[in-house]
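Taking it in order: structure first as C-alpha cells, then the write-up.
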Amino acid sequence: YNVYGFDMSCIRKVAIKEPLVDSVDNRQVMTSHCLLKEFDLKTVRVEDLSFTANFTLDATRNDYIHALVAYFTVEFSKCHKYCGFSTGPDAPYTHWKQTLFYFDHDDEDIMLHKGDKITGKLNLRPNPKNDRDLDFDIDFIAQGQQTQTKYRGEYRMH
Numbered sequence: 002y003n004v005y006g007f008d009m010s011c012i013r014k015v016a017i018k019e020p021l022v023d024s025v026d027n028r029q030v031m032t033s034h035c036l037l038k039e040f041d042l043k044t045v046r047v048e049d050l051s052f053t054a055n056f057t058l059d060a061t062r063n064d065y066i067h068a069l070v071a072y073f074t075v076e077f078s079k080c081h082k083y084c085g086f087s088t089g090p091d092a093p094y095t096h097w098k099q100t101l102f103y104f105d106h107d108d109e110d111i112m113l114h115k116g117d118k119i120t121g122k123l124n125l126r127p128n129p130k131n132d133r134d135l136d137f138d139i140d141f142i143a144q145g146q147q148t149q150t151k152y153r154g155e156y157r158m159h
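Shown next, in the form of C-alpha cells:
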C-alpha cells in the first residue's frame, strides 16, 4: 500500500468501496463474460434500472482474480445497417472505459484454475440519499479445485 513512499493502508477500506472507471487490457481478463441485464431503450422504465442479476463466470486460465469488470454494449437493432458499440475490454477504446469492482479480501488472494466457476449475484440501485449515486452489492462464491471462497462487497459509484 506504498504510494510514492506514503503508507496509504489507512484509506484502503474506503477507497476500495468506490468502483474504478479505467481501461482494462483484455489480456488481463481471466474469465468468461456474462450478460447481467438487457434494456430496451424504447420501453425501459426508471424502476427497471434497479435490479438484481445472477451471474456465472468460468475461469479461462490459472490465475489470481482481484476484481470484477463491468461494461455495456449498445445495439440499435431497428436500423437498416448494424449500429452499435461495446465498451468491453475486447472492443476498441471508448471514453466510457470499463468499471472495476476490486475485492476487499483481507485473507489470501483468490486463485482460480481453468474451468473453476464463480457464481453470484449483483444488486444495483440508486443511493437513497443521492439518486445520482449508485449502490452495488456483489456476492459470489469462487469454487476452486481445492478451495471455495465466499465474497461480499458493497460499493458506491459517485
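If you count the sequence shown from 1, you need to add 1 to reach my numbering. Where is the CB? At the ideal position from N, CA and C, for every residue including glycine. Just so you know, these numbers come straight off a predicted model, no measurement behind them.
Asked                                                                                                     : Found
Residues near Ser24 in its chain [Cβ-Cβ closer than 8 Å; skip 5 each side]                                : Pro90, Tyr94, Lys98, Gln99
Where Lys118 falls: helix, strand or coil (DSSP)                                                          : strand
Paired residues, beta bridge with Asn124 - DSSP                                                           : Thr53, Asp138
First and last residue of the uninterrupted beta strand (DSSP E) at Arg157                                : 149-158
Buried versus exposed call for Ile119 [16 or more other C-beta atoms within 10 Å across all chains shown] : buried
Whole-angstrom C-beta distance between Lys115 and Arg62, which should lie under 8 Å                       : 5 Å
Cβ-Cβ distance between Phe139 and Arg153 below 9 Å                                                        : According to the sequence as given, residue 139 is Ile; it is not Phe. Yes.
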